[in-house]
Amino acid sequence: MIFWMKTEEMALGELLERLRSVTQCIDEIMQLDSSPLRAADITTDLKKQFAFLSGGRGDNGSPVIVFPEFPAFSEITDREFHNVLSYLTSVPSLSSTDVGFILVIDRRQDRWAAVKGTLLRIAGSFPGNLQLVLVLRPTTLLQRTLSDILFKFNKDDFKMKVPVIMLSSLTELHSYIDRSQLTQELGGMQEYCHEKWISHRTAIEGFALMVKRTAQALQSFGTELAETELPNEIQATTILLSTHSNKRDKMKVTALPAFLSFSFISFPFISLFKVVIDFKCFPLCLCLQEDLLVALGQGSRLLESINEPIMHNPDHNMNQDELENLATVQRLLSQLDETERAFDEFWLRHQTKLQQCLQLRHFEHNYREVRALLDQTSEKLTSFSEVGISPAHADHIFTELTTFEERVCEVLDRALALSREGDELIQNSHYDEDSIQPKCCELRALSESTSSSLRAKKDHLLKAIELHHRLDRTSKWVDDGIYLLASQPVDKCQSHEGAEVALQELERYLDNAGCSRLTDLSSIWTEYEGVLNHQLREQVEKVYQKQTSMQKMFDKRTVSLKKLAAKQLRPVQPVAPRPEAFIKSPLNSPAHRVQQEINSSDSDNSCGKGQQQNEDGNSRHASLSEEEENLAVLRRHVMNELLETERVYVEELLCVLQGYASEMDNPGMSHLIPPSLNNKKEVLFGNMPEIYHFHKRTFLRELEQYTDCPELVGRCFLQRMTDLQIYEKYCHNKPRSESLWRQCSDCAFFHECQKKLEHKLGLDSYLLKPVQRITKYQLLLKEMLKYSRGREGADDLQEALTSIVGILKAVNDSMHLIAITGYEGNLSELGKLLMQGSFSVWTEHKKGHAKVKDLARFKPMQRHIFLHEKALLFCKKREENGEGYEKAPSYSFKQSLSMSAVGITENAKGDNKKFEIWCNSREEVYIVQAPTADMKTTWVNEIRKVLTTQLEACREASQQRAPDPVIQAPPVHSVTVCLSPFKTSQKTLKKGEEKKAELPVLDASSSSSPKLSGTGSPTSPDHKSKRQSDPTPFGYKGWNKPTLSLDASGENDGYSSAEEPLNSDPEDENTKKLVRELIPDTVACHTATMYILRVLQE
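Residue numbers (numbering that gives the first Met the number 0): 0 to 1097.
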């Protein structure tokens, strides 16, 4: 920077010095020091023409000033006289004026007084040197005589130091000055036009002034450019460079370099004239353009006037004044060209400075970007784990590091390219070398440091991966060995050949260990010293300990097998078959067969010696510990699978969210997204971000805490069971997601994302991962429970498994529920969906005392029934055409029954797959046939639970509303009691029937029957008019009348409800009369009701 400032100061100083030299040269050319007057200032005085320069010269080169006849000479003021003579004496060159001027005074037509007055003025105020004064005296006789006499007597009055010669004729004048140097008025040969002479002088002086002003303007402009402060931003520097360039283009005055090469002696003046005429076409400064055009116009006219004789007569010779005028113009153009060259040289340096400044700003901007990228790269490299926690984790880190290495290489290439760019700036003599050099060195140092860190990170990670895979192979080898011990069949080992085969299997397994076996811990510490941290060291010790334990188990098994092989020398005793209990034992696994093997061996040798019994006892204890170790290994295996698959699952979710979901918001990918996919990210991915955050931040971390105690992992599932219900929302959205995917699966956006992620499978496979994962938990929990029987945490595992199955069932049920169409109400108001399934349904209607069947319909209706807490929905299942989720069925709503108004009969017509659902005192009966008897039992039990819950709620409400048994109880609104009699109840009713009395069912409500939605269906053709069982619903809804109604039958197999008054069949009238006799008033009615509730409770 300091060097640049010095260079800039030198450039500006040189420019100012050269322009000052041009200005001084112009002053010298125009002789402004001796006479600051210009023709334009005294044009009026010059036009009076009382004196002029004819352009003639004397024999010694003295300029000739002519005073022509001017009768009003005496009227010329002293100022006018002095200005004109001062200007005329300043026009010729200094070499001519030093010789002196020759004055020719023409007073031939005047008198002596005029002659005397002129001589006195000249003698008193002539500004230049005089060489000779020639006076053409008056030509009249009297005046000539007087002039001769008076001149002699008054000669001393003139006080002139030069001779004054009185001439009588032009002939005498020609003897002093050659005719070629005199005008035609003086008998000479020169053609003189005073107006042209004034015009020439005005144009020349105007051109000189223009050149001087141009030099001064460029001087000021150069100072302005040099003193401009350079900006620190790229945009501002670019604008400054553009602004200065535009100013320079406007300011530059382009002279004609070719003009200087022409000589007025060697080149025809007509060609010079044509060249100068074209000068006005060059670009000029806007502020000086008008003046320059005027001056150039004047100059062109001047040259045209001077060269006019040459245009008519090429042989014409120009006088000395004309030649000096041309020389003056040439010198002025030379100074103008010097001005241009000086400014061009300065501008070249200034422009170079601005360009270098712009290059520096770009370099600094790129340096800041690259430096930030290098810092980010170093920070990212630091975040990469050098060892990982598992083989899969280490491989995943290495994959990420390899991918990240490509970006690091791009950053390093950019940094090295930028450093080379800085070196080029320095080689090109950049003014700010002191600032560029350290940045280049820093970029190279950081690049080398980052590259070294990356190589070291990869080397460490590769070493860690090698150790992880080695430990994984060893752990797998150990697990396989333990599984081999657990899976050897005990019965085959009882024979000599079987024992030998088992021994050979063990020996072969140990011989094929190869690199899977850890030889020595000290060698591992030495080989992997650079990557061993505390966690990995513990992992190595743990695997080595497992290997040692397995080796001991192999040794014990080998000893046992050798003993068994040796014992086969005597006859084999027959062994009793294993009891049935053993077959059904939950511990009947390959691992438990080890103890069976030892127990069998003990039984076979029980008749041996006493010391042999002791040996068998020790073998049995060893077998038990071996069995526990086998189960522990299997539990760890399941736990490892759970953790590894969980980590992979989390990574896959992250990959989908970053590689697909985030890219949908990337402006650079928006052109690849079809219109049908716009603003559909939540539809396509559902609540996958919520699932990812739960597993990443919570569930995976909590699962890892149970690594050492896998049998307790069920507690983790129980604690997070509520959170796992987020999968219901995802599964609900899956049909919409699947439909959207089929519409847009072929778009370029998904293909581009899949290409970037290097996935072999499409997005649809990854969108199915959450559904697969929640199902996978069920299988893993089953496996863990299988190997954890009788241990702490087994109950939690069973409960967690049940809960997971419940979630899956709820998801499955809700998937069917959302497919219901045509239901006008709100399904959420019906309570929790308990069960759903497809059934064959017949309907039966009873009008009055007659039962009506639809005999025209022999086939049952196929209905899909949804059991809610508050209602039972009948829907018709409709299969949809399509693929995937679009092929899922939909359900058209047909009718619904309120659970507060229904009852059930468990057995219908002796068919163990049929049951009845009825309401309105059996006016509406629905005979339902399940696909299997087990399904029918499950449904009946679930409906029984709902009705029992309603009964308990009714009983609690009645106790709260009627604390006094004597006072009439208030009505219980919206409470329904439904009861299904058990076998004990049936016996009670039969016993009561024998005594001609039954348990009274109290219902004094006068509310209307519940309405059924939908239409009925024909009754089953095999349904008989009379049934062995005609259960009557039981329930009550408060008391508001003293009268009672009672329905009873021989058998009571079903649930009932009391949403309405129950009107019994005609054959039940005797029973009603009996009840009225037993309970004659309201108090007795209430007492009977309490008795019925107590019996049912018992």
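All residues carry an ideal CB built from backbone N, CA and C; glycine is no exception.
Given that a residue counts as buried once 16 or more other Cβ atoms are within 10 Å of its Cβ, and exposed if not, what is residue i?
i, result
"LYS755", "exposed"
"ALA341", "buried"
"TRP841", "buried"
"ALA393", "buried"
"HIS468", "exposed"
"ILE464", "buried"
"LYS808", "exposed"
"LYS990", "Confidence at LYS990 is low in this model, with a pLDDT of 38, below 50, so its placement is unreliable and the value that follows should be read with caution. LYS990 is exposed by the Cβ-count criterion."
"THR697", "exposed"
"ILE101", "buried"
"LEU18", "buried"
"HIS429", "buried"
"ALA1098", "Residue 1098 lies beyond the stretch modelled for the chain, which goes from 0 to 1097, so this question has no answer here."
"ARG577", "At ARG577 the pLDDT is 42, less than 50, meaning the model places this residue with poor confidence and gives no usable figure here."
Do residue i and the ligand ZN come close, with the Cβ less than 6 Å from some heavy atom?
i, result
"SER73", "Of the ligands one can find in the structure shown there are none, so the ligand ZN has no counterpart to examine."
Give the straight-line distance between the Cα atoms of residue i and residue j, rounded to the nearest whole angstrom.
i, j, result
"SER736", "GLY667", "24 Å"
"HIS1101", "GLU190", "Nothing can be reported for residue 1101: it is not among the residues displayed for the chain, which extend from 0 to 1097."
"THR42", "TYR86", "11 Å"
"SER602", "GLN493", "For SER602, the pLDDT reaches just 42, beneath the cut-off of 50, and the residue's location in the model is therefore unreliable, although a value from the coordinates is still provided. Distance between the alpha carbons of SER602 and GLN493: 12 Å."
"LEU169", "ASN59", "20 Å"
"GLU703", "SER389", "12 Å"
"THR473", "GLU941", "52 Å"
"GLU496", "ALA512", "25 Å"
"THR931", "LYS913", "9 Å"
"ILE1", "ASP431", "A caution first: ILE1 carries a pLDDT of 45, below 50, which makes its placement in the model too unreliable to give a value."
"LEU816", "GLY836", "11 Å"
"VAL90", "MET29", "8 Å"
"VAL328", "ALA207", "8 Å"
"SER20", "ARG106", "46 Å"
"ALA799", "LYS935", "27 Å"
"VAL1118", "GLU223", "No statement about residue 1118 is possible, as the shown extent of the chain runs from 0 to 1097 and does not include it."
"ASN318", "LEU325", "11 Å"
Going by DSSP, what residues sit across from residue i in a beta bridge?
i, result
"MET834", "LEU866"
"ASP105", "LEU135"
"LYS876", "TYR890"
"MET860", "VAL840"
"CYS708", "Per DSSP, none; premise fails for CYS708."
"ASP53", "It should be pointed out that residue 53 corresponds to Ser in this sequence rather than to Asp. SER53 is not bridged to any residue."
"SER895", "LEU872"
"ASP910", "ALA907"
Give the single residue among the options whose Cα lies nearest to the Cα of residue i.
i, options, result
"LEU894", "HIS694, LEU52, ARG862 and SER787", "Looking at the sequence shown, residue 894 is not Leu but Gln. The residue with the shortest Cα to Cα distance from GLN894 is ARG862."
"ARG714", "ASN665, LEU671, ILE773 and MET783", "MET783"
"LEU373", "ILE309, ARG348, GLU337 and SER452", "SER452"
"GLU537", "ARG507, LEU466 and LYS475", "LEU466"
"ASN365", "GLU232, GLU432 and GLU915", "GLU232"
"ARG772", "THR525, GLU640, ASP794 and GLU843", "GLU640"
"ARG443", "LYS462, ARG419, ALA463 and THR201", "ARG419"
"LEU717", "ILE806, GLU643, MET638 and VAL649", "ILE806"
"ASN128", "HIS429, LEU84, SER813 and GLN375", "LEU84"
"VAL134", "GLU171, ASP722 and GLY421", "GLU171"
"THR937", "SER897, TRP917, TYR925 and LEU833", "LEU833"
- Message: Counting beta carbon pairs with one atom in the segment 626-635 and one in the segment 668-682, are three or more of them shorter than 8 Å?
- Response: no
- Message: With a threshold of 8 Å, are at least 3 pairs of Cβ atoms found where one atom belongs to the segment 517-533 and the other to the segment 555-566?
- Response: no
- Between the segment 399-411 and the segment 481-499, are three or more C-beta pairs nearer than 8 Å? no
- Task: Would you check if the segment 747-761 and the segment 655-664 touch, i.e. whether three or more CB-CB distances between them fall below 8 Å?
- Result: yes
- Task: Answer yes if the segment 72-79 comes into contact with the segment 235-242, meaning at least three C-beta pairs across the two stretches below 8 Å, and no otherwise.
- Result: no
- Message: Using a Cβ distance threshold of 8 Å, determine whether the segment 868-880 contacts the segment 821-832, with at least three qualifying pairs required.
- Response: yes
- Inspect the CB distances between the segment 426-444 and the segment 501-509 and report whether three or more fall short of 8 Å. no
- Message: Counting beta carbon pairs with one atom in the segment 8-22 and one in the segment 328-347, are three or more of them shorter than 8 Å?
- Response: yes
- Item | Contact between the segment 403-421 and the segment 363-380 (3+ Cβ pairs under 8 Å) | yes
- Contact between the segment 708-723 and the segment 774-791 (3+ Cβ pairs under 8 Å): yes
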